[in-house]
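Asks:
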Amino acid sequence: MHVLVMGGTHHVGRALVEVALRRGDTVTTLNRGLSRPPAPGVEALVADRTDPDAVRRALGERSWDAVIDTWAWAPSAVRDSAWLLADRARHYGYVSSRGVYAWPWPAGADESAPLVAGDPGSQDGSDYAAAKRGAEVAVIEAFGERALLSRAGMILGPYEDVGRIPWWLRRLERGGPVLAPGPAGAALQYIDAIDLAAWMLAAAERGIGGTFNVAGPAGHTTIGDLLTTASQVIGSDAELVWAPAELLERKGFPLGMEFGLRYPGNPCPTGIHDADVSAALAAGLILRPLRETLADTWAWLRCEGDPAPRSDAPSPAQWFDPAQEQHVLELVRPRRTS
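Okay, so the sequence shown: first residue is 5 according to our numbering, each after it adds one.
#1: Determine the DSSP secondary structure at residue 13, reduced to helix, strand or coil.
#2: In whole angstroms, what is the alpha-carbon distance linking residue 47 and residue 21?
#3: Three Cβ pairs or more, each shorter than 8 Å: is that satisfied between the stretch 173 to 191 and the stretch 225 to 235?
#4: Is the beta carbon of residue 125 closer than 8 Å to that of residue 174?
#5: Residue 12 and residue 25 - do their beta-carbons sit closer together than 8 Å?
#6: Pick from 120, 149, 63, 130: whose alpha carbon is nearest that of residue 8?
#7: Using only CA atoms, which one of 33, 112, 35, 79 lies nearest to residue 279?
#8: Taking Cβ positions, are residue 292 and residue 212 nearer each other than 8 Å?
#9: I think residue 139 touches residue 75, with their Cβ atoms under 8 Å apart; what is that distance to the nearest whole Å?
#10: Return the chain-ordered ranges of every beta strand (DSSP E) run that is complete within the stretch 233 to 291 and spans a minimum of 3 residues.
#11: Residue range of the beta strand (DSSP E) that residue 152 falls in?
#12: What residues are listed by DSSP as bridge partners for residue 128?
#13: Are at least three pairs of beta-carbons, each pair with one atom in the stretch 49 to 64 and one in the stretch 230 to 245, less than 8 Å apart?
#14: Report yes if the C-beta distance between residue 195 and residue 298 is below 8 Å; otherwise report no.
#15: Do the CB positions of residue 56 and residue 122 come within less than 8 Å of each other?
#16: Provide the residue(s) that pair with residue 97 in DSSP beta bridges, ordered along the chain.
#17: CA-CA distance, residue 172 and residue 42?
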């Protein structure tokens, strides 16, 4: 296909470009051209998404088989792009989020769960959930049944700049007793950015539209599986010391919130890691083994170094210092006396 990726330099956008090139697609990207040079073989268009005239000039009269958009800020930018491309692309895939569902998320919910309100014309991107929902509405209004809304769960894998797996890999690399958010058997639902990209591009090629929760099936893995496998991947001898969610909550220690295992005032939230993803699986979603996801992430970190910290999604390194970890470790694992 001829694919236009709106973005294409960070996390999911970078994964989309990589997977599309590997598939043999012809790839165009549109972004500000500030973060990193374009991948070899990519046609790079430069424009600020918040400037509709600049976007119009950059796109010119080109047309594409598919557009994939990862925008996460003011919905008006998606609205402007979608309407501009409505007659020049046969498919518009939007990387949305399960965050568009109204809180609290019901356990086992599918795509019919209640949604937050979203305004496609809003120029306010401060409310992530409302911004994503507004962008969804914008894409549907412009593309109708040719729109694919991918409501992704927790996105992991290479190029992740949100502060989850990169921080954990570095913490495990240091070794020693490592405080871990218990219980070890707590279920996790996630989607590898590479798997998400592959599924969205395949769906575009097949002309699949509609709305999908996109993540692994409920019970696919646990926090214990993830951290144990991560230790094995990097060859760490770290000892995982599991702290009950109630203790972490009582001590005001934020560990576990990076995975949505708990929230302040709610150590056991429901609906976070048990979404119904049967529609995406039926539509061809394929998941790589957890070990591959972690190995690729580790290889990326070792090659390129840690991603720059994000102000809107700080990693655990910005939440607490080692002294706090040591304090809670001593509560969970009292020192033995001879």
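Glycine included, every Cβ here is placed at the ideal spot set by N, Cα and C.
Replies: Walking through what the data contain:
#1: coil
#2: 11 Å
#3: As far as the Cβ criterion goes, the stretch 173 to 191 touches the stretch 225 to 235, which means the pair count is three or higher.
#4: no
#5: no
#6: 63
#7: 112
#8: no
#9: About 6 Å; that satisfies the 8 Å criterion.
#10: 243 to 247
#11: 151 to 156
#12: DSSP, once it has assigned bridges, lists no residue as partnering residue 128.
#13: no
#14: Against a cut-off of 8 Å, the Cβ pair of residue 298 and residue 195 comes out as no contact.
#15: no
#16: 72, 152
#17: 29 Å
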